Amino acid sequence: MDSPVLVACTLAVLASPAVVSAQYELVGAVDAVQPDARGAAVQCDPGVTLRLQFLAPDLVRVTLERPDIREPLLDYPIVDQDWPDVDVQVQQTGDVIRLASDEMRVEVARESCAVRMSDTAGTTLFRNDPEMAIGWDGNEVRTWNVIHDDDRFYGLGEKTGALNKRGEEWVMWNSDTYAYVADRDPIYQSVPFFVGVRGSVAYGLYFNNSARSTFNFGAGQHRYWSFAAEQGPLDYFVMLGPDVPDVVDRYTELTGRPLMPPLWSLGYQQSRWSYYPDDEVLRIARTFREKRIPADVLYLDIHYMDEYRVFSWHPERFPQPVALLDSLEAMGFKVVTIIDPGVKVDTTSGYRVARELLDGRHYVRYPDGSPMIGSVWPGPSYFPDYSRPETQRWWGEWLGRLRAEGIDGIWNDMNEPAVWGKAFPLEALMYDNGRESSQKRMHNLYGYLMAQTAYDALRRVRPDERPFNLTRAGFAGEQRFTAVWTGDNVASWEHLRLGVRILLGLGLSGVPFIGTDVGGFVGSPSPELFARWVQVGVFSPLFRAHTTANTLDQEPWSFGEYVEDVARSAIELRYRLLPYMYSLFHEAHRTGAPIMRPMFWHFQEDSASFAVENSEQFMLGESLLVAPVVEEGGRFRSLWLPRGRWADLATGTVYEGGRRITVDAPLERIPMFLREGGILPLGPVAQHTGVLERGPLTLEVLPASDSAGSERGLRLFEDDGISYDFEDGDYRLTRFVTERQPDGSVRVIRTVDHDGHDIGERMLVINVHGIGTSPRSVQLNGRELEANAGATRDGWSWDVARMVVTVRLAEAGARQEIVIR
Ligand code: MIG
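Now the structure itself:
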């Protein structure tokens with residue numbers, strides 16, 4: 014029986030205006046602990062559970078469960094897999110609950126539920142602020158962490174600003190940001206993952222939440238770094254390095270390994286908004302061939318469509334698309350078309366796409382079920398719901414038709430999603446595995462799902478061909494199915510420098526297949542800027558020139574003869590680098606390693622490799638250091654050489670590293686240095702990858718004096734360049750190593766590690782740098798080689814001017830050993 018007093022009290026509470034806390038509620042003391050096989054569930058005040066799970070000895074998942082939040086954990090970015098059991102020790106003391114694997118420790122303070130993670134030596138990777146560990150305010154959830162003097166933060170996907178993200182706040186909200194300034198945030202992509210470096214230890218943190226989230230790395234205060242999301246669960250993964258490559262390896266095991274692209278997509282790509290009509294496209298194609306500037310891909314931007322109707326061809330501009338595509342194919346060009354998500358509201362002209370979209374309910378919808386309509390290029394448009402399996406199949410059928418007509422790849426644009434007026438309605442719903450989720454959860458996934466839909470579709474229609482797919486917006490995990498370009502950059506020197514940093518940051522975020530619009534999208538570059546940009550593009554995993562509507566021509570021949578020559582030789586270098594690039598892509602596919610890497614990827618112990626002034630020089634794989642000229646009028650390049658010896662590939666000069674040097678850098682020169690122990694393969698020049706020969710293969714070699722250097726060398730990956738047969742062993746992996754023996758002799762050893770693909774006969778031309786004097790003898794497998802033999806026979810020669818020994822030999826057998834004395 015209710016007492017009258019109690020009833021009165023209850024009524025009083027109900028009658029008073031709703032009490033809305035204007036404060037963060039903070040997690041409190043630990044109430045109970047339930048250890049389990051992978052860790053423990055820790056119950057904390059006020060009635061929340063902190064779940065700590067080791068997925069691997071160096072990978073921990075932390076999830077906060079609140080009784081008032083029902084939203085399920087995000088599963089799109091996470092690859093389904095059974096993680097092997099981990100041996101986890103749970104130890105409880107009066108102050109802490111301690112979980113330990115062989116590699117990592119996680120402690121939860123009893124008093125505050127604050128988490129601290131460390132390696133087994135006790136070095137703290139990060140720790141929650143002891144007073145203010147985790148808190149929430151309505152749907153928003155946040156965690157605060159002690160910021161240390163030596164904390165550095167890298168990655169977060171496609172982000173502007175400096176390479177080190179410390180001192181700023183970064184937002185995850187995919188945004189169409191035409192002509193973004195060099196510190197604009199957010200731009201197109203959301204990858205809520207960063208690599209933290211503390212002293213000699215690196216770790217990674219992936220925040221698995223697609224809502225609008227924020228990373229504050231000590232901006233506006235000096236107490237903490239924090240991350241927060243406007244809604245959804247606090248669910249994050251921490252991976253311990255201690256080396257940066259280990260972190261990205263684990264992260265891409267969790268969110269998926271990068272795709273292995275078709276070889277043709279690593280060639281030079283030419284785009285503009287837009288090449289039309291068909292004759293103009295043919296003229297561009299012919300000009301590349303006439304001028305002997307190598308190229309593989311041409312792009313069709315939005316003018317190929319009829320009034321911007323997706324999956325249509327403009328009847329006058331492209332009356333015979335199949336014939337056009339055939340002609341281009343005969344000239345060795347692949348063609349990629351832009352695809353925008355917006356489907357024109359048009360049910361009267363017989364436009365099948367709109368009809369089918371409505372009939373199949375493929376659209377993003379308002380909570381009342383009616384289609385959301387927003388304006389983009391075609392005018393008022395519907396937006397496909399790419400989270401819905403039926404819609405993925407339907408869209409995929411249309412893409413399949415384009416593929417059947419002869420289109421080779423798909424360029425997914427405007428998928429933030431962008432609308433005129435910028436404000437895509439937040440309440441608009443998508444299927445989301447039957448949950449009907451609003452844009453609050455789905456917005457940042459829209460581009461990701463669109464690109465995934467395209468990849469799956471291309472694979473379905475041609476199961477034996479690896480698809481090429483490019484996207485502007487995306488999310489963590491996109492590396493499994495798409496390349497990314499950095500959107501509407503500007504033809505300025507500042508953007509050239511920014512572009513290098515964005516690519517380095519994206520690469521660290523598990524997304525290796527990336528590029529900027531070479532030359533800049535907005536505005537027109539000076540001839541010099543174009544030349545320097547092409548020289549950076551040579552090393553960009555995706556090498557595509559592009560410019561906006563109504564700008565000056567931006568093809569390699571558009572800037573006068575001198576720049577045309579500079580661009581041609583840079584593009585030729587790109588084709589010569591393809592054996593290396595392709596092998597790096599295979600490495601990325603196996604381990605997540607970026608192609609273009611900040612220097613600290615390989616020189617984490619070298620503080621100069623983190624320095625701001627060195628952030629626009631980078632490693633291409635482990636053997637080549639590139640210091641492009643990114644300053645207007647720059648004719649010298651000052652750069653940092655990390656420890657060890659380095660050969661300047663232009664002059665042959667060998668430098669002792671661990672110091673800053675300055676080299677000549679006239680417009681036609683890209684400063685590039687071969688690392689000791691490194692082996693750089695250079696193939697022949699070809700006009701496109703369809704006619705690329707495998708040999709002769711030149712190997713630039715700088716023998717290492719230490720044994721660590723001799724581990725490096727080269728792992729050359731070769732296959733058919735297009736199919737998935739390599740997954741069944743149809744590939745060849747050749748290892749080359751070089752070492753300097755204590756007696757001064759130099760060895761270069763070639764071993765075939767996997768012999769599953771026939772590459773035919775090939776000559777090797779091995780240029781050994783850093784030897785000093787003419788050798789007395791050169792032996793191949795114990796047999797003396799002839800000096801100054803003809804170019805087609807095994808033999809060697811000495812170039813006294815460049816101090817290089819060149820050894821020629823036909824590749825043969827499973828192992829060849831060259832000894833130079
Ligand atoms: O509203 O298709 O970033 O590369 O050329 C602009 C026209 C739409 C934006 C892309 C750009 C492309 C352009 N698109």
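Quick note on the working numbering: the sequence shown kicks off at 14 and runs consecutively.
Here a beta-carbon is modelled for each residue, glycine too, at the ideal position from N, C-alpha and C.
Since the structure is predicted, the reported quantities are computational estimates derived from the model, not experimental observations.
Open item on the list: Using 8 Å for Cβ pairs, my map puts R179 next to F220. What's the rounded Cβ distance?
Closed with: The beta carbons of R179 and F220 sit about 17 Å from each other, so the pair does not count as a contact at 8 Å.
- [ ] Kindly indicate which three-state DSSP category R753 falls into: helix, strand or coil?
- [x] For R753, the secondary structure class from DSSP, reduced to helix, strand or coil, is strand.
Task: Inter-residue CB distance, A195 and E507 (contact presumed, cutoff 8 Å) - done: Cβ atoms of A195 and E507 come within 8 Å of each other, at about 5 Å.
Task: L519 in three-state terms, based on DSSP - done: If DSSP states are grouped into helix, strand and coil, L519 belongs with the helices.
Open item on the list: Could you check if T361 belongs to the surroundings of the ligand MIG, using beta carbon to heavy atom distance under 7 Å?
Closed with: No; taking the cut-off as 7 Å, the Cβ of T361 has no heavy atom of the ligand MIG nearer than that.
- [ ] With distances taken Cα to Cα, identify the nearest neighbour of E478 among Y737, R79, A343.
- [x] Nearest to E478 by alpha-carbon distance, out of Y737, R79, A343, is Y737.
Task: Contact between the stretch 653 to 663 and the stretch 715 to 730 (3+ Cβ pairs under 8 Å) - done: With the cut-off at 8 Å, the stretch 653 to 663 and the stretch 715 to 730 touch.
Open item on the list: Can you find the residues in the same chain that come closer than 6 Å, C-beta to C-beta, to I160, ignoring five residues on each side of it along the sequence?
Closed with: In its chain, beyond the 5 residues on either side, G231, Y237, W238 have a beta carbon closer than 6 Å to the beta carbon of I160.
- [ ] Can you grab the Cα-Cα spacing for the pair Q66 / S226, in whole Å?
- [x] When only Cα atoms are considered, Q66 and S226 end up about 23 Å apart.
- [ ] Determine the DSSP secondary structure at R658, reduced to helix, strand or coil.
- [x] Here R658 carries a strand assignment [DSSP, helix/strand/coil].
Task: Stretch-stretch touch, CB-based, cutoff 8 Å, three pairs: the stretch 130 to 146 with the stretch 249 to 263 - done: The stretch 130 to 146 makes contact with the stretch 249 to 263; the number of CB pairs closer than 8 Å reaches 3 or more.
Task: Cα-Cα separation between E243 and N152, rounded to whole angstroms - done: Their Cα atoms are separated by approximately 6 Å.
- [ ] Alpha carbon to alpha carbon, how far is A504 from V832? Give it in angstroms, no decimals.
- [x] Taking the CA atoms as reference points, V832 sits about 50 Å from A504.
Task: Proximity of L462 and Y399 at Cβ, strictly below 8 Å - done: The beta carbons of L462 and Y399 sit closer together than 8 Å.
Open item on the list: Could you check whether P334 and A385 sit closer than 8 Å to each other, using their CB atoms as the reference points?
Closed with: In the sequence on display, residue 385 carries Met and not Ala. Annotated as distal: M385 and P334, with beta-carbon spacing of 8 Å or more.
- [ ] Using three-state DSSP, classify M385 as helix, strand or coil.
- [x] For M385, the secondary structure class from DSSP, reduced to helix, strand or coil, is coil.
Open item on the list: To the nearest angstrom, how far is the alpha carbon of V356 from that of S388?
Closed with: If I take the Cα positions, the gap works out to 10 Å.
Open item on the list: Need the endpoints of the alpha helix (DSSP H) that Y468 sits in, please.
Closed with: Where Y468 is concerned, the enclosing alpha helix (DSSP H) stretches over 459 to 474.
Task: Rounded Cβ spacing between V781 and V761 (contact assumed at less than 8 Å) - done: At roughly 7 Å, the Cβ-Cβ gap stays under 8 Å, so V781 and V761 are in contact.
Task: Distance CB(L337)-CB(F346) smaller than 8 Å - done: Judged by their CB atoms, L337 and F346 are not nearer to each other than the 8 Å cut-off.
- [ ] Look at the alpha carbon of I779 and the alpha carbon of S810, and state the distance between them as a whole number of angstroms.
- [x] When rounded, the distance between both Cα atoms is 10 Å.
Task: Three-state secondary structure (DSSP) of N482 - done: Strand, per DSSP.
- [ ] Rounded to whole angstroms, what's the CA-CA distance from T265 to N457? Just pull it up for me.
- [x] T265 and N457 have their C-alpha atoms some 19 Å from each other.
TODO: Closer than 6 Å by C-beta to E120: which residues in its own chain qualify, once you throw out the five before and the five after it? Chain order, please.
DONE: The beta carbon of E120 sits closer than 6 Å to those of V109, R111, R129, all from its chain and outside the five residues before and after it, given in chain order.
- [ ] Have a look at V323 and G363 and give me their C-alpha separation to the nearest angstrom.
- [x] If you take the alpha carbons of V323 and G363, they lie about 14 Å apart.
- [ ] Run the CB neighbour count on V92, radius 10 Å, all protein chains shown included, and call it buried at 16 or more, exposed below.
- [x] The residue in question, V92, is exposed, as its Cβ has fewer than 16 Cβ neighbours within 10 Å.
Task: Nonlocal neighbours in the same chain, by C-beta distance under 8 Å from I297, ignoring five residues either side - done: Excluding positions up to five away in sequence, the list reads Q283, Y288, L311, E568.
Task: Given V524 as reference, the closest of H602, P476, L509, M455 once Cα atoms are compared - done: It is H602.
Task: Exposed unless 16 or more other CB atoms sit within 10 angstroms - verdict on T360 - done: Exposed: under 16 other Cβ atoms inside 10 Å.
Task: Continuous beta strand (DSSP E) assignments of at least 3 residues falling wholly in the stretch 179 to 213 - done: The DSSP assignment places 182 to 185, 206 to 211 as complete runs of the beta strand (DSSP E) inside the stretch 179 to 213, in order along the chain (cut-off: 3 residues).
TODO: Count the other CB atoms, across all protein chains shown, that sit within 10 Å of the CB of V639; report buried if there are 16 or more and exposed otherwise.
DONE: V639 should be labelled buried.
- [ ] Let me know the secondary structure DSSP gives F437 once reduced to three states.
- [x] In the structure shown, the three-state DSSP call for F437 is coil.
TODO: In the DSSP assignment, find the unbroken alpha helix (DSSP H) run with E303 in it and report its ends.
DONE: If you look at E303, you'll find it in the alpha helix (DSSP H) that goes 291 to 303.
TODO: Alpha carbon to alpha carbon, how far is N425 from G500? Give it in angstroms, no decimals.
DONE: One C-alpha to the other measures close to 11 Å.
Task: Residue of R821, I784, R815, L267 minimising C-alpha distance to E797 - done: Checking every option, the nearest Cα to that of E797 belongs to R821.
- [ ] Return helix, strand or coil for D768, following the three-state DSSP convention.
- [x] In the three-state DSSP reduction, D768 falls in the strand class (E or B).
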